[in-house]
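**Student:** Protein chains in written order, with this note's numbering: chain S, 1 to 164; chain D, 1 to 211. C-beta: ideal position from N, C-alpha, C; glycine also. Okay, here's the structure, questions in a sec.
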C-alpha cells in the first residue's frame, strides 16, 4: 500500500479519533469491546479511504462508516454484557458541576440510551453530536421527515424510561 | 429544560475523558484483518458454492455412473445426465457472477439502509442458488428413479441377483435426500441465523421508519 496514503489516513484519524471513541461508547459496555469496535471501525475506514474524495467532510464521512460498522458490520464478541459495566465508562459526574438531582437524572439518561435499539442509538448519537436532520437522514438512509418523527418518538421513549 | 438537551450538554463536556490513541496505535490497527460480518458472509458463501458444486459431482458419479455404468453412450439416461450437468454448471456460473456483483456493491460508505440491503441481497443470492440446487437435485432424483424403475430394460435383462432391489433404490434415494435436507436446515438455522439475525432486525427497524 501507498505509504503516503497510509500516513495521511493515520494522521486524519488520529486528529478525529474522538468520533470513533464516541460511537464505541454508545455501542459497547466495557473497555475490551470498546477497543474491539474501535479496531474494526479503523479497518473499515482504512478500506474505504482510497475512495474518500474530500468532497464531503472527513468527519461526515467518518460518522457514516463508523456507525455502519457499529450497527451492521461489527460482530459482537461473545463477552457477556453487564449493565454494571456502565460505571467503568467514565460517566462519573463531578459533584461541583451539577446538583445531585441533575446528576441523578443524567445517570438515568445514559442508562436509558443504553437500552435503546441499534437504530435509535444511532439517531440519538447523531443528535448529541449536533448533526443536522438532513445529515442524520442521509446517514441512516431514511427521509428527513421520518428522521424527525423517529427522533421525537425516541425522546418520548426516553422520557418514559426516565419517568415510568 | 428538555432532557435530551441536558444530555447533549453533558455529552459534549465529556470529550476530554475519551481515550487518546497515538499515531503508532492507529497505524498498527490498519495492518490487522477485519472480522466483519461481510468477510464472514463472503467466506461462508464461497464454501457453500464449493460444497454444492462438489456434492453435485459426487452425486452424479455415485448415483448414476456407479450403479448404472452399463449405460451406453447416446441412451436417454446418458443424454439426461449431460443435460443436467450443463444446466447445473450454467446455474453455478450465473449465481457466482450475481453473487460477485452484489458483493462488490457492499460499501461501508453507503447509508445504513443501503448497506444493509446490499448485504441481505448478497446473502439472498447464495440462498437462491441453494434453493435452485435442492429443486434440481430432487428433480434429478425422482426422474432418475422413475426412469430406472419404469423404463430401463437393460436393468431387467440382467440376472436377478446382480440387480439392486427396488426397495434399496427407493430407501437410498430417500435417505440421501433426507440427509441433504437435514444438513441444509441445520446449516441455515445455526450459522446463517447467528450471522444475520441482528442485521435483519435492524433492517426491519429502518424499513418500519419509512412507511
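Which residue marks the beginning of the alpha helix (DSSP H) containing residue 195 of chain D, and which one marks its end?
**Tutor:** For the purposes of this step, residue 195 of chain D is identified with residue 195 of the second chain, where counting begins at 1. That run of the alpha helix (DSSP H) goes 193-209.
**Student:** Roughly how many whole angstroms lie between the Cα atoms of residue 98 of chain D and residue 123 of chain D?
**Tutor:** Position 98 of the second chain, counted from the first residue, corresponds to residue 98 of chain D. Position 123 of the second chain, counted from the first residue, corresponds to residue 123 of chain D. Cα to Cα, the separation comes out at about 11 Å.
**Student:** Can you tell me where the alpha helix (DSSP H) holding residue 67 of chain S begins and where it ends?
**Tutor:** Mapped onto the first chain, residue 67 of chain S falls at position 67. Start and end: 58-68.
**Student:** For a cutoff of 8 Å on Cβ pairs, would you count residue 116 of chain D as touching chain S?
**Tutor:** Position 116 of the second chain, counted from the start, is the residue given in the question as residue 116 of chain D. Chain S contact via Cβ: present.
**Student:** Less than 8 Å separating the beta-carbons of residue 159 of chain S and residue 5 of chain D?
**Tutor:** On the first chain, residue 159 of chain S is found 159 positions in, with the first residue counted as 1. On the second chain, residue 5 of chain D is found 5 positions in, with the first residue counted as 1. No, these two residues do not count as a Cβ contact at 8 Å.
**Student:** The alpha helix (DSSP H) spanning residue 14 of chain S covers which residue range?
**Tutor:** Working through the first chain from its first residue, we reach residue 14 of chain S at position 14. Counting along the chain, residue 14 of chain S sits inside the alpha helix (DSSP H) bounded by residues 3-27.
**Student:** With 16 as the cutoff for other CB atoms within 10 Å, does residue 118 of chain S come out buried or exposed?
**Tutor:** As a working note, residue 118 of chain S is residue 118 in the first chain. Burial call: buried.
**Student:** Classify residue 62 of chain S: buried if its beta carbon has 16 or more other beta carbons within 10 angstroms, exposed otherwise.
**Tutor:** Residue mapping note: residue 62 of chain S aligns to position 62 of the first chain, counting from 1. Its Cβ being crowded by 16 or more others within 10 Å, residue 62 of chain S is buried.
**Student:** Run the CB neighbour count on residue 11 of chain D, radius 10 Å, all protein chains shown included, and call it buried at 16 or more, exposed below.
**Tutor:** Position 11 of the second chain, counted from the start, is the residue given in the question as residue 11 of chain D. Result: buried.
**Student:** Going by C-alpha distance, which of D:54, D:210, D:187, D:119 is nearest residue 138 of chain S?
**Tutor:** As a working note, residue 138 of chain S is residue 138 in the first chain. Measuring from the Cα of residue 138 of chain S, the nearest candidate turns out to be D:210.
**Student:** Ordered along the chain, which non-local residues of its own chain (more than five positions away) have a Cβ less than 8 Å from that of residue 177 of chain D?
**Tutor:** Walking along the second chain from the start, residue 177 of chain D turns up at place 177. If we look at residue 177 of chain D and ignore the five residues flanking it on each side, its Cβ neighbours are 137, 138, 141.
**Student:** I'd like the list of long-range same chain contacts for residue 145 of chain S, defined as Cβ closer than 6 Å, with 5 residues on each side in sequence excluded.
**Tutor:** The residue given as residue 145 of chain S occupies position 145 in the first chain. Taken in chain order, the list of residues that qualify is empty.
**Student:** Name the two residues that bound the continuous alpha helix (DSSP H) containing residue 125 of chain S.
**Tutor:** Position 125 of the first chain, counted from the start, is the residue given in the question as residue 125 of chain S. Unbroken alpha helix (DSSP H) run through residue 125 of chain S: 118-128.
**Student:** Assess contact between the segment 22-32 of chain S and the segment 4-12 of chain S, defined as three or more Cβ pairs (one per stretch) separated by less than 8 Å. Is contact present?
**Tutor:** no
**Student:** Exposed or buried, residue 58 of chain D, counting other C-beta atoms within 10 Å across all chains shown (16 or more means buried)?
**Tutor:** Within the second chain, the letter at position 58 stands for residue 58 of chain D. By the neighbour-count definition (other C-beta atoms within 10 Å, threshold 16), residue 58 of chain D is an exposed residue.
**Student:** Compare the C-beta of residue 66 of chain D against all C-beta atoms of chain S and say whether one is closer than 8 Å.
**Tutor:** Counting from 1 along the second chain, the entry for residue 66 of chain D is found at position 66. Note that residue 66 of chain D scores 48 on pLDDT, short of 50, meaning its location in the model is unreliable; the coordinates nonetheless yield the value given after this. Not an interface residue.
**Student:** Using the beta-carbon of each residue, which ones in chain D are nearer than 9 Å to residue 144 of chain S?
**Tutor:** The count along the first chain starts at 1 and reaches residue 144 of chain S at position 144. Correct list: empty, because the minimum Cβ distance to chain D is about 11 Å.
**Student:** Using a Cβ-Cβ cut-off of less than 7 Å, give me the residues of the segment 23-38 of chain S that come near chain D, in sequence order.
**Tutor:** none
**Student:** So residue 151 of chain S and residue 127 of chain S are in contact, right, with Cβ under 8 Å, and what is the actual spacing, rounded?
**Tutor:** The residue labelled residue 151 of chain S in the question sits at position 151 within the first chain. The residue labelled residue 127 of chain S in the question sits at position 127 within the first chain. Their Cβ separation, rounded to whole angstroms, is 6 Å, which keeps residue 151 of chain S and residue 127 of chain S in contact under 8 Å.
**Student:** Excluding the 5 residues flanking residue 155 of chain S on each side, which residues of the same chain have their C-beta closer than 7 Å to its C-beta?
**Tutor:** Taking the first residue of the first chain as position 1, residue 155 of chain S is located at position 155. Nothing meets the Cβ criterion.
**Student:** DSSP three-state call for residue 13 of chain D: helix, strand or coil?
**Tutor:** Reading the second chain from its first residue, position 13 is the one you call residue 13 of chain D. Three-state result, residue 13 of chain D: helix.
**Student:** Quick test of your reading: residue 13 of chain S and residue 42 of chain S, contact by CB under 8 Å. State the CB separation rounded to the nearest angstrom.
**Tutor:** One-based indexing of the first chain puts residue 13 of chain S at position 13. One-based indexing of the first chain puts residue 42 of chain S at position 42. The pair is a contact, with the Cβ atoms about 7 Å apart (cut-off 8 Å).
**Student:** On the premise that residue 70 of chain S lies in contact with residue 37 of chain S, defined as a C-beta separation below 8 Å, what is that separation, rounded to the nearest angstrom?
**Tutor:** The residue labelled residue 37 of chain S in the question sits at position 37 within the first chain. The residue labelled residue 70 of chain S in the question sits at position 70 within the first chain. Yes, residue 37 of chain S and residue 70 of chain S are in contact; Cβ-Cβ is about 6 Å, under 8 Å.
**Student:** So residue 92 of chain D packs on residue 53 of chain D, CB below 8 Å; how close in whole Å?
**Tutor:** By one-based count along the second chain, residue 92 of chain D stands at place 92. By one-based count along the second chain, residue 53 of chain D stands at place 53. That belief holds up - the Cβ atoms of residue 92 of chain D and residue 53 of chain D are roughly 6 Å apart, short of 8 Å.
**Student:** Quick check on residue 4 of chain S: buried or exposed, where buried means 16 or more other Cβ atoms within 10 Å of its Cβ?
**Tutor:** Locating residue 4 of chain S in the first chain gives position 4, where the first residue counts as 1. Under this definition residue 4 of chain S is an exposed residue.
**Student:** Can you give the Cα-Cα distance for residue 94 of chain D and residue 117 of chain D, rounded to whole angstroms?
**Tutor:** On the second chain, position 94 is the one that residue 94 of chain D refers to. On the second chain, position 117 is the one that residue 117 of chain D refers to. Distance between the alpha carbons of residue 94 of chain D and residue 117 of chain D: 21 Å.
**Student:** Just checking: is the beta-carbon of residue 224 of chain D within a distance shorter than 8 Å of some beta-carbon in chain S?
**Tutor:** Because chain D in this structure spans residues 1 to 211, residue 224 of chain D falls outside the shown range and cannot be described.
**Student:** If we call anything under 8 Å between Cβ atoms a contact, is residue 132 of chain D one with residue 45 of chain D?
**Tutor:** Taking the first residue of the second chain as position 1, residue 132 of chain D is located at position 132. Taking the first residue of the second chain as position 1, residue 45 of chain D is located at position 45. Against a cut-off of 8 Å, the Cβ pair of residue 45 of chain D and residue 132 of chain D comes out as no contact.
**Student:** According to DSSP, simplified to helix, strand and coil, what is residue 122 of chain D?
**Tutor:** Here residue 122 of chain D corresponds to residue number 122 of the second chain, with the count starting at 1. If DSSP states are grouped into helix, strand and coil, residue 122 of chain D belongs with the helices.
**Student:** Could you tell me the alpha carbon to alpha carbon distance between residue 162 of chain S and residue 106 of chain S, rounded to whole angstroms?
**Tutor:** What you label residue 162 of chain S is simply residue 162 of the first chain in a count that begins at 1. What you label residue 106 of chain S is simply residue 106 of the first chain in a count that begins at 1. Taking the straight line joining both Cα atoms gives about 10 Å.
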